[in-house]
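Letter by letter, the sequence shown follows residues -21 to -1, 1 to 422 of mature numbering (1 follows the signal peptide of the UniProt record, and there is no 0). All C-beta atoms, glycine included, are put in the ideal place defined by N, C-alpha and C.
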Amino acid sequence: MKNVVCIGCGYVGSVTSVAFAALGYHTVVIDVDSNKVEMINAGKSSLYEPGLEPLIQQVSGRTLFAVSTYEPIKEADIVFICVGTPSLVDGTADLTYVKMAAKQIGMALNPGKFTVIVNKSTVPVGTADLVTSILEEESGLQAEQDFAVVSNPEFLREGFALEDVMAPDRIVIGTSNERARKQMRLLYEPLIQLNSADQVVYFETDAKSAELIKYASNAFLAVKISYINEVAKLCEALNAHVPDVAKGMGLDSRIGSKFLQVSSGWSGSCFPKDTAELLATSFKYGSELSIVSAAITANLNMHLYCVDKIVRQLGDLRGKTIAILGLTFKPDTDDARATQATVIIRKLIELGAAIHVHDPMGMPMFSALNGDLPITYCNSGEEAAQGVDGLVLLTHWECYIKLDWQKIFLSMRHPYILDTRNFLDKKTLQELGFQYDGIGLGR
Ligand code: UGA
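Listed below in C-alpha cells is the structure:
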C-alpha cells in the first residue's frame, strides 16, 4: 500500500499531502485550481505556513505531484478529501465541495481495487454516511466490500501545521470496516515510528464519534479561551492580575496551561465555523449545547469590550485616528479570514475613527476581503503609528516587540497603547512615557 491522493490543496490538503510525501508515499494532490497545481509542481506553496515551502521543494517531483484530473484515483490506495467546508448563513457547514469531490471520486473509482476514502476536512457528523452513499451511487460499487469511508479529522494549528502533523498528540480513526482500519494503521505506522512510542496516541472509533471529536475539541478550546477572557474582565474589576490567575489555574494538570492566553477574542477559519456548526447540529437534534452558545456570545462581547476600552480612554472617536497592529487571527499565518480585527475595525470606523493598519503577512488577504473599508495600509508598525491617537495590538507577531518604540512614542499624537495580548513589555513602554493598557492586568 503506497499510493496516496489528496483532494484539494488548501490548508489541510497542502499540509497532509506534503507530510505523506515526506514519509515516502507516492502522493498526488488534485485541485481544480491550475494555479495551485502549477505552484506545487514548481516547489512552491500557495499559502504561508512556516517550513511548508522548503518541504514542498524537497518532495515536489519526487514523491509529491499535483494534477487537475481525477485520473490518479484509479491507482490510489487511500484518498483524502481535504476540501473546504465554509459556513452557510444558518451556521451549518456547506458540503458542496465535499459532495463534488465524492462524486468525482465515485466516477473514477477502480472496481478492481479496494480503496479507502478518508474525510480529512472538518465535516458534520453523518458526513461519512453521506460520502458513502454518493460513492455507491456514482461508482455502482458496494461500500464496505469494494471501498470504505473513514473519518480521520485533522487537528493542525495554523502556524504550527507541520509540527502538528508530523508529531501529533493523537491520530483519530473512525470506521467500523476492518480492512480500512488495517490500511490506515499501515499508512500511519511510519509516522508513529518517527515519534517516541508514548507520544502519539492512535485512537480507533466509529465514524460518527470521530467526526464529533473534531467539533467537540475545537468548541472546548473556544470555550476555554472565552472563559479566561471573561476572567480577565473580572480581574480588571477586582484589580487582580490575569496572567497569574491563568498560570495558577494551569498548574492543575486537570485544567492545563494551554489556551489560557488572553486576547480580544478567538477567531480565524476554524473556531467560528466549527462552534456555529456544532451549535446548529445540537439544535437540530434537540440537545442544545448552551455552553457553546454562551462562548460565541462572550467572544463577540470580548471584541466589543476592547472597543469600549479604547473609547473609555480616548472619548469621542470622531476625528481621531487609531493604529491597528495585526490583522491575522494569530501570528505566523497570512490567514485574515473572519478575524477579530474585522469586527473591531468596523466598529471603530462606525464610531468615527480613521484607521491605520499593519500586519507582516496578512494585509493582502485582509484588503481583498475588506475592500469596502476606508483604511490606510502601512509598510511598518512605525508608519502605522504616525500621528495616531491610540495604538491597538491585536496579533502578537514577534516582530512587534522589536519596533522602534521610542520613535513611535515621539510620532504619536496621543501615546495610548491597548495591548490585547498582554504581549509587549509594559514596564519599558511606561518608562518611555506610553499610557499602556493591557487586558486584566490589574497592576
Ligand atoms: C484550531 C485548533 O487549535 C486546531 O487543533 C484545529 O485543527 C484547527 O483549529 C482546525 O480546526 O483546523 P487554529 O484555528 O489554527 O487551530 O488556531 P488556534 O491556535 O487554535 O487559535 C484560534 C484562535 O484562538 C486564534 O485567534 C488565537 O489567537 C486564539 N487564542 C488561542 C487565544 O486567544 N488564546 C489562546 O490561549 C489560544
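- Residues of the same chain with a CB within less than 8 Å of the CB of Pro310, apart from the 5 flanking positions on each side, are Gly138, Thr374, His375, Trp376 and Glu377 in chain order.
- Inter-residue distance for Lys326 and Tyr167 is about 47 Å (C-alpha atoms, whole angstroms).
- Trp376 has its CB no nearer than 6 Å to any heavy atom of the ligand UGA.
- With contacts defined by Cβ atoms closer than 7 Å, Ala81 and Val110 form a contacting pair.
- For Asn98, the CB stays at least 6 Å from every heavy atom of the ligand UGA.
- CA-to-CA, the gap between Phe126 and Asp185 works out to about 16 Å.
- Runs of alpha helix (DSSP H) with 4 or more residues, each lying fully within the segment 359 to 406, are found at 360 to 364 and 384 to 390, listed in chain order.
- At least one heavy atom of the ligand UGA falls within 6 Å of the beta-carbon of Gln240.
- By the criterion of a C-beta distance shorter than 6 Å, Arg149 is surrounded in its chain by Val180 and Phe182, once the five residues flanking it on both sides are discounted.
- Ile192 sits close to Val151, with the two beta carbons spaced by under 7 Å.
- Within the model, the alpha-carbon separation for Thr71 versus Ser248 is close to 14 Å.
- In this structure, the straight-line span from the alpha carbon of Val367 to that of Ala332 is close to 10 Å.
- The shortest CA-to-CA distance from Thr321 to any of Thr312, Asp313 and Phe308 is the one to Phe308.
- Annotated three-state conformation of His5 is strand, per DSSP.
- Under the three-state reduction of DSSP output, Gly85 falls in the helix class.
- Taking a cut-off of 8 Å on C-beta distances, the segment 140 to 148 touches the segment 170 to 179, as three or more cross pairs fall below it.
- If you draw a 10 Å sphere on the C-beta of Tyr49, you find 16 or more other C-beta atoms in it, and that means buried.
- Its chain contains Gly229 as the residues whose beta carbon lies nearer than 6 Å to that of Ser236, once the 5 sequence neighbours on both sides are disregarded; these appear in chain order.
- Pairwise C-beta distances place the segment 255 to 270 out of contact with the segment 329 to 344, as fewer than three of them are shorter than 8 Å.
- Contact between the segment 156 to 163 and the segment 85 to 98 is present, with at least three C-beta pairs closer than 8 Å.
- Per DSSP, the unbroken beta strand (DSSP E) holding Gln414 starts and ends at Gln414 to Asp416.
- With a cut-off of 8 Å on Cβ pairs, the segment 397 to 412 is not in contact with the segment 199 to 208, counting fewer than three such pairs.
- It is roughly 13 Å from the alpha-carbon of Asn278 to the alpha-carbon of Lys252.
- For Leu114, the enclosing alpha helix (DSSP H) has its first and last residue at Thr106 to Ser118.
- In this structure, DSSP gives Val129 an extended state, which the three-state scheme calls strand.
- Secondary structure of Val68 (DSSP, three-state): coil.
- A check of alpha carbon separations from Ala211 across Glu329, Met281 and Gln121 identifies Met281 as the nearest.
- One Cα belongs to Gln365, the other to Asn358, and the distance between them is close to 12 Å.
- As computed with DSSP, Arg149 is found in a beta bridge with Val180.
- For the pair Gly419 and Asn218, the CB atoms are not nearer than the 7 Å cut-off.
- In the three-state reduction of the DSSP assignment, Tyr356 falls in the strand class, which pools E and B.
- The criterion of a C-beta distance shorter than 7 Å is satisfied by Val(-4) and Leu34.
- Note: Leu43 is bridge-paired with Thr6 and Ser39 in the DSSP secondary-structure output.
- In the three-state reduction of the DSSP assignment, Thr94 falls in the strand class, which pools E and B.
- Cβ neighbours of Ser243 within its own chain (closer than 7 Å, five residues either side excluded): Met281, His282, Cys285, Gln319, Ile323, Leu373 and Thr399.
- Where Asn(-19) is concerned, the enclosing beta strand (DSSP E) starts and stops at Asn(-19) to Ile(-15).
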